[in-house]
Every structure is written in structure tokens, then in C-alpha cells.
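Trainee:
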Amino acid sequence: MSISTTPPPENGTSNRWPAWFRKEQQEAWELFQFLPQPKRNDEPWRFANLKAIDLSEFHAAAPSQDAAALVARSSAHTDLAAKLVFANEVLVHNDQVGLPAGVLLLPMEEAAKNHEELFRKSFMTSDVRLGSKKFAALHHAHLHSGAFVYVPQGVVIEKPIEIWHWVEGENATIFPHTLIVLAEGASATVIDHFVSSRDERSLAIAVNDLTLGTNAKLHYVGVQEWSDKATAFHINTTEVEKEGVSTALQMNLGGAYIRGESDSHLLGEESRSVMLSINPASGTREIDQRTFQDHFAPRATSDLLYHNALADSSRTIFAGLIKVEEAAHETDAYQKVRNLMLSDEAEANSMPGLEILADNVRCTHGATSGELNEDELFYMMARGIPPKQAAQLIVRGFFGTVLERLENEPLHEHLGEILDRKLGF
Amino acid sequence: MSAHSLSIRDLHASIGDKPILKGLTLDIPKGEVHAIMGKNGAGKSTLAKIMAGHPDYTVTSGDVLLDGESILGLEPDVRARLGLFLAFQYPMEIPGVTIANFIRAALQARLPEGEELEATDYYAKLYAKMDALSVPRNFTSRSVNEGFSGGEKKRCEILQMAMLEPSYAVLDETDSGLDIDALKIVSAGVNALRGPNIGMLVITHYQRLLDYIVPDKVHVMSEGRIIHSGDKDLALKLEAEGYDWVEKQFGESGIKAA
Ligand SMILES: Nc1ncnc2c1ncn2[C@@H]1O[C@H](COP(=O)(O)OP(=O)(O)OP(=O)(O)O)[C@@H](O)[C@H]1O
Ligand SMILES: [Mg+2]
Chain A
7 MSISTTPPPE
17 NGTSNRWPAW
27 FRKEQQEAWE
37 LFQFLPQPKR
47 NDEPWRFANL
57 KAIDLSEFHA
67 AAPSQDAAAL
77 VARSSAHTDL
87 AAKLVFANEV
97 LVHNDQVGLP
107 AGVLLLPMEE
117 AAKNHEELFR
127 KSFMTSDVRL
137 GSKKFAALHH
147 AHLHSGAFVY
157 VPQGVVIEKP
167 IEIWHWVEGE
177 NATIFPHTLI
187 VLAEGASATV
197 IDHFVSSRDE
207 RSLAIAVNDL
217 TLGTNAKLHY
227 VGVQEWSDKA
237 TAFHINTTEV
247 EKEGVSTALQ
257 MNLGGAYIRG
267 ESDSHLLGEE
277 SRSVMLSINP
287 ASGTREIDQR
297 TFQDHFAPRA
307 TSDLLYHNAL
317 ADSSRTIFAG
327 LIKVEEAAHE
337 TDAYQKVRNL
347 MLSDEAEANS
357 MPGLEILADN
367 VRCTHGATSG
377 ELNEDELFYM
387 MARGIPPKQA
397 AQLIVRGFFG
407 TVLERLENEP
417 LHEHLGEILD
427 RKLGF
Chain B
3 MSAHSLSIRD
13 LHASIGDKPI
23 LKGLTLDIPK
33 GEVHAIMGKN
43 GAGKSTLAKI
53 MAGHPDYTVT
63 SGDVLLDGES
73 ILGLEPDVRA
83 RLGLFLAFQY
93 PMEIPGVTIA
103 NFIRAALQAR
113 LPEGEELEAT
123 DYYAKLYAKM
133 DALSVPRNFT
143 SRSVNEGFSG
153 GEKKRCEILQ
163 MAMLEPSYAV
173 LDETDSGLDI
183 DALKIVSAGV
193 NALRGPNIGM
203 LVITHYQRLL
213 DYIVPDKVHV
223 MSEGRIIHSG
233 DKDLALKLEA
243 EGYDWVEKQF
253 GESGIKAA
């Protein structure tokens, strides 16, 4: 049965979640059914491939056949604070060697039961307003598990927390979720890995909620390596209080159709959100990204940098809005999308937007498209590098300039290696 | 013409339909250093880029031979792997590509298929060459030429040359933009590479460079041709008296007048 016609389990069939959450799931299911499928004329779906978001052929995922094998394959960073592995939404590995006292790293259903207040305060609290409200409702309705990260006041986790989300099975659907709450002055690095067990068609509707308290510092990275046949939604909400700094990077290295929505709320004075994305698109891959930099408080900064490299007949869509609310004077908001066109058949659509309701603000936005620079290519060839490798290096460099924005040298290096592997170095 | 030389034969070349090289002949035997001097716009950089295979220029007649084999039909990267090196007058910036990765890719391209460059040896050699050229070691992780000063760019060109060990090198105004100390360091770097296994063509506007890199021959280029050649003293005379006399005596206009 299609996932879009499968209601969540009724009360009683499952006590994984507390009753109040199961009730929410029923409501979310009703909302999902009530909300219409996106249509051609809906602004948040302009240029979008609506055929790609037809969910009728996808069904709920059965438990993974060989979770141990997936755990063995869940290896990227060598020096971690903790690692969780989910295989078809089931937590199959939980290793918490290097977590400081007081940090909570739990499967979400456990957090909902034992830390209800914390959970409720930050679980999908803001409106999904960039187009995928319907799909977020389906996610809520069917949510099976996920990672809940809470870092208490003043606690700094030096090493990364790594979370793996595996999908397995032809046309299987999963709903990965990562919820991160950093209390005042807390600091953490979290890397979400999204991976397909096999070269299969699948659906993922992934959500992450990032909540940063006063002066908290978060590095969040989504390393998306779904199979080249996969459809995926990645829906992010980031809320930053006073002087908090969120740096979030989404690397879309796989997938046939990827819809990304990233919504930053600059809630506190001098808060900061850095929104980064690296998108190598090839074959017929489509990457459709919608972003919102919403400034509520004075002197906050947001800094968006998306780099798309488009080969073959791939397609990208970027629609980004910077909004400066009335109180947010002295806002500094920056938005830049660069498309590196590697093929005549590729298509990049960029729609930057600006809405300013306050005075004395600085907002810069722009989208550029360009081809490989002939003089750069010649320079590299004059060193003996064949044109294909030269082009690869230029593309790698193009993405490298995004990684540099992380301002975290070990993380930068680690992700650089992942990128090298993916780009074939 | 010898089998061990970089040889330019009556070369005519143009950009669009504008002729720039108009019958240029020059022979740089392995083991020698030749200098080319000439006014702005004489076509010196054009010559360098044509030898390296820049796609913008069209060779209309003549030939360029590397150790007796024509290279004009070859792609720039093939020419480079055959042993030709060009130090650019204006080196390109390549955002996000580190110097270490850039030079490594260039060396890797010279290895047989399937063979991997040995990382430890590579870094040892890279650091040794950087030290010799007074290039700070932290430059390895900086993007190629991005944000470099003029002098730093030129030093990195010579660093690349030192790492790639070409059999023929064309240095296009590698001295311009260098302060006195850097000029000495770069010259020492170039001199260290001098020897029986390399032929060099040094393009410069300043006789001063040739005090440090003493050439075997000096050529004067004007309007797309070599109009006069001599020994290192020719550079001194050009420095003292300018180009007018040599152009009058040997140049297009001079010949017509004669
Ligand atoms: N891409 C180009 N398009 C048009 N004209 C060009 C191009 N490249 C070179 N030229 C012209 O060819 C002539 C020779 O230029 P070139 O750069 O080779 O001179 P040069 O001798 O290196 O000068 P300088 O000493 O100033 O470096 C100049 O008149 C220049 O304007
Ligand atoms: Mg020049």
C-alpha cells in the first residue's frame, strides 16, 4: 500500500511513542490528507518537477535485511564523540564514547517520553512555509524514530556526533529526523549521513530542527548520498537566539530528485546563521532548493552560499528570500548562488528575493551562472593536467570555497575527503 | 636545428585576423639560457602562449619543434608532459584548489596509468623547494594564486617549475613585480635548475635580471620577429640606449629604409 494512503498506527498498536505524540500523529495524518498536492501555479513550486513528487509508488519500509552490514558501512569520521545508526528508521547502533556528562543523545521516542518538555519545545514547532507543509505532515504522521541531541548550558562537545540514516528496499520510504537543542553557551558539531543500502529507488522525507540558545555554537552538516534513483525531501528549520551562531551545510551528492527547504529564524540580537550548500548535479538529477533568511532581531547576520555544478542534463532550482522584519535594524544579510554550467543541456534557475521592513540594513543577494573559465583551464593544462582532470579540479575548488566557510579546519578537511571520493579523486 | 633543442621555425601566428608573429625563428639548445627583450606589444607573451598551445591563437605557418618533433598539433597538457613549461606573465587564480593539490595533480598526470604519487616523498620535495624559494609552508593549503601578491605569484611559478622539472622552460617576465630580495631568491632558484638537461627562454624588460641569470644569448623582438641577436652585452646596450637604434638598424622600418 502506498505510503500516501497508509495511516499511522492507531492508538494501542504501538506504544513506542507517548499517547500525546500518537495523537499529534493522527492530526498530522489528517493534515496531510487535507492539504492539496502542490500544483503548477503554486509559487513555492515554480519550475518544480511535480511528477517527481508523486508519492503513490512508495510504501512503508520493512526492517532492513542485514543491519549489521549497514553498521559496518557506517564509517566516515574516525574521531567521534558518538555515533548512531538507523537502518530503515530502526536504531541499530548506539555508541556514545566521548559525550560529556549531561548531554542527551537519544532515540526521539525516548526523548518524547522522558524529556517531554524539552522535546515539545523544539520538535517541528515552526510552520513549514517553504512549500513542503504537506510532506512535513506526512513525516510527522509516520515518524518512527530519529536522533534527539540536547547539549546543556555551557557544555562544549569538541568531537563530532555522527548520525547515519540508511534506507533499504525498492520503493521503500523512510522519515529521518534529527532534532538538536543547544542550551545557552553550548557547542556541538553534528553530521547527518543519508545513505542508500543499494542502488534502489526510494523515498526519504527528512526533517531537522536546529535550536540554538543564547551564545550557542552549532556546526550541522547533512551529507546526502542517497542512490541516484532516490527521491528525497530535506526540510530544515533553524532558530538562533542572541549571539548564537549556526553554521549548516547540506551536501547533495546523490539522489534523482532532491527538494531542500532551509528556513533560518534569526530570533536574537547578533545571532548568526550561515547557510551553505554544495550541489554536484549530473545525469538527470534535479536539485530544488528553497530558502528563507528571516531576521527578527537587530544586528543579526545571515550568510547564504550555495554552489551548484551542473553537468549532463541536470537541473537546479534555487529560490531564496531574505526578509528583514521591522525590529531587525542593522541586519546584515548575504545571499549568493553560483551555478557552474558544465553542459549545454543543464538548466539552472535562480530566484533570489528580498523583503525589507526595517531601516539601516545591509542586504546583498545575487545569482551568477558561468562556464568553466578557459584561461584557468589553459593554465592547468600548461602544467600537464589533462582537461578532464583540470575541469574536475576546478569543480572541486568551486566546492572547496564553500567548505572554507565552515571555519572549522578538521571538519573542512573531513568533508573535503568525502567530496574527493565522490568526485573521483 | 638540433634534436636537442626547442626550435621555432619561421612562425606566423594571429589572433582573429590580426597577425602578431610574423616569421619568427629561434633555436634554444638544451643546456642554454636565452633571453628575449623587446617593447611592450612586440609579441613576446604571444610567442610564449603559442608554444604552450593557447587555443586563442592561430598558427598560420611555420613550426615549433621540441627535440626535433613538431608540437603544434598537440594539446597544451601533452606539450607540458613532453617537458615544456611556461611561467606565466599573469598567473591565473584558481579558487578553492590548493597549491599542494594543484602541483600533485600535475605530477600525478606524468605517472603511468594506475601508479600513485607517493605522498610522503611528494611533501618532502615540495617543502624543500618551498624553503629554497622562501615560500612559506602554509602556502600549500592556500588556493592557487588567490590573494597572492605579484611577487608571491611569480615565486609560485618557479616553485611549480622546480617541482615539474621541465626540459624546456619559458619564463615570461618572471622578474616583474619582484623586489630586490625576491629577485635574488627567484634567480637563485632558476639558476639551481640550470644545467645540461634544460633549455630556458627568459622574457624580460630589465637587464638587471640578466645580471643574476646570465644568458648565453640575447634576442631582440620587434613586431613579431627576432630582429637582432647577441651575447649578454646586448642587454646592457639596450638598457643604456633603448630600442630605437636596434629597430632602425634591424627592424622592419630599418630594413625598408636600407
Ligand atoms: N587576446 C588578444 N586579443 C587581441 N589582441 C591581442 C591578444 N593577445 C595579444 N594581443 C595583441 O598582440 C600584441 C602582442 O601582445 P603580447 O602580449 O604578446 O606583447 P608582449 O610583447 O608580451 O608585451 P608586454 O611587454 O607588454 O608584456 C599586442 O598588440 C596585443 O594587444
Ligand atoms: Mg608580455
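Note that the protein sequences, when read in sequence, are chains A and B.
Under my numbering, read the first sequence as residues 7 to 431, first letter to last.
Under my numbering, read the second sequence as residues 3 to 260, first letter to last.
Note that CB positions come from ideal geometry on N, CA and C, so glycine has one too.
Only a predicted model underlies this, so the values are computations on that prediction, with no experimental measurement involved.
1. Evaluate ALA260/B with the Cβ neighbour count: other Cβ atoms within 10 Å of its Cβ, from every protein chain shown; 16 or more gives buried, anything less gives exposed.
2. Tell whether a beta-carbon distance below 9 angstroms holds between MET281/A and TYR312/A.
3. Check each candidate in SER136/B, HIS6/B, ILE30/B and name the one with the smallest Cα separation from ASP218/B.
4. Mapping the DSSP letters down to three states, classify LYS318/A as helix, strand or coil.
5. Under 8 angstroms: do the stretch 414-425 of chain A and the stretch 16-26 of chain B share three or more Cβ pairs, one atom per stretch?
6. Which residues count as close to ligand 2 when the rule is a CB under 7 angstroms from any of its heavy atoms, in chain order?
7. Could you give the distance in angstroms between the alpha-carbon of GLY256/B and the alpha-carbon of ILE205/B?
8. Out of curiosity, what's the CA-to-CA distance linking MET387/A and LEU346/A?
9. Which whole runs of the beta strand (DSSP E) in the stretch 183-252 of chain B are 3 residues long or more, in chain order?
10. By the three-class DSSP mapping on this structure, what secondary structure does SER128/A have?
11. Relative to ligand 1, is the shortest distance from any of its heavy atoms to the C-beta of ILE229/B smaller than 8 angstroms?
12. Assuming the contact rule is C-beta atoms closer than 8 angstroms, HIS183/A and LEU149/A should be a hit. Round their C-beta distance to whole Å, please.
13. Is there contact here, the stretch 105-124 of chain A with the stretch 152-171 of chain A, by at least three beta-carbon pairs under 8 angstroms?
14. Report the residue from LEU76/A, MET130/A, ARG321/A, LYS127/A whose alpha carbon sits nearest the alpha carbon of TRP170/A.
15. Are there any heavy atoms of ligand 1 lying less than 8 angstroms away from the beta-carbon of MET223/B, as far as the coordinates show?
16. Drop a sphere of 10 angstroms on the beta-carbon of GLN43/A, count the other beta-carbons inside from all chains shown, and report buried for 16 or more, exposed for fewer.
17. Helix, strand or coil for ASP72/A, going by three-state DSSP, please let me know.
18. Can we count ALA289/A as close to ligand 1, meaning its CB is less than 8 angstroms from some heavy atom?
19. Does the Cβ of ILE182/B have 16 or more other Cβ atoms within 10 Å, making it buried, or fewer, making it exposed?
20. Could you name the residues of chain B that TYR340/A contacts, counting a contact when the two beta carbons are closer than 8 angstroms?
21. Expressed to the nearest angstrom, what Euclidean distance is found between the alpha-carbon atoms of ILE228/B and ALA107/B?
22. Comparing alpha-carbon positions, which option in THR290/A, ALA189/A, ARG52/A lies nearest GLY137/A?
23. Just to confirm my understanding: we take ASN55/A, look at its own chain, exclude 5 residues before and 5 after, and list those with CB closer than 7 angstroms. What are they?
24. At a Cβ cut of 9 angstroms, what residues of the stretch 104-123 of chain B count as close to chain A, listed as they run along the chain?
25. Just to confirm before moving on: does the CB-CB distance between ALA222/A and ALA192/A stay below 9 angstroms?
26. Keeping to the same chain, check which residues put their C-beta closer than 7 angstroms to that of LYS437/A; ignore five residues upstream and five downstream.
27. According to DSSP, simplified to helix, strand and coil, what is VAL134/A?
28. Since ILE105/B and LEU128/B are thought to touch, with beta carbons under 8 angstroms apart, how far apart are those beta carbons, to the nearest angstrom?
29. Which of the residues in the stretch 384-406 of chain A, read from start to end, lie with their CB under 8 angstroms from any CB of chain B?
30. State yes or no: is the C-beta of GLY179/B nearer than 8 angstroms to some heavy atom of ligand 1?
31. Closest Cβ-Cβ distance between PRO78/B and chain A: below 9 angstroms?
32. With a cut-off of 9 angstroms, does the C-beta of ASP269/A fall near any C-beta of chain B?
33. List the whole-angstrom C-beta distance separating LEU86/B from ALA54/B, where the pair is believed to meet the contact cut-off of C-beta under 8 angstroms.
34. From the DSSP output, in three-state form, read off ARG453/A for me.
35. Answer with buried or exposed for LYS258/B, where buried requires no fewer than 16 other C-beta atoms within 10 angstroms of its C-beta.
36. With a floor of 3 residues, list each beta strand (DSSP E) that falls wholly inside the stretch 38-102 of chain A, ordered by position along the chain.
Mentor: If we stick to the structure as given:
1. Residue placement at ALA260/B is flagged as unreliable, the pLDDT there being 37, under the threshold of 50; the coordinate-derived value follows with that caveat. With fewer than 16 Cβ atoms within 10 Å of its Cβ, ALA260/B is classed as exposed.
2. yes
3. ILE30/B
4. It should be pointed out that residue 318/A corresponds to Asp in this sequence rather than to Lys. Reduced to three states, the DSSP call for ASP318/A is coil.
5. no
6. LYS46/B, SER47/B, GLN91/B, ASP174/B, GLU175/B, ILE205/B
7. Note that GLY256/B scores a pLDDT of 49, beneath 50, so its modelled location is shaky and nothing firm can be said.
8. 19 angstroms
9. 201-205, 219-224, 227-232
10. helix
11. no
12. 6 angstroms
13. yes
14. LEU76/A
15. yes
16. exposed
17. coil
18. Just to set this straight, residue 289/A is Gly in the shown sequence, not Ala. GLY289/A: no, Cβ never under 8 angstroms from ligand 1.
19. exposed
20. Simply none; closest approach about 17 angstroms.
21. 36 angstroms
22. ARG52/A
23. TYR263, GLU292
24. PHE104, ILE105, ALA107, ALA108, LEU109, GLN110, ALA111, ARG112
25. yes
26. Any property of residue 437/A remains undetermined from this structure, which presents chain A solely from 7 to 431.
27. coil
28. 7 angstroms
29. PHE384, TYR385, MET386, MET387, ALA388, ARG389, GLY390, ILE391, PRO392, PRO393, GLN395, ALA396, LEU399, ILE400, ARG402, GLY403, PHE404, PHE405, GLY406
30. no
31. yes
32. no
33. 7 angstroms
34. Outside the modelled stretch of chain A, which goes from 7 to 431, sits residue 453/A, for which no answer is possible.
35. In this prediction, LYS258/B has a pLDDT of 46, which is less than 50 and means its spatial position is unreliable; nothing more can be read from the coordinates.
36. 88-93, 96-101
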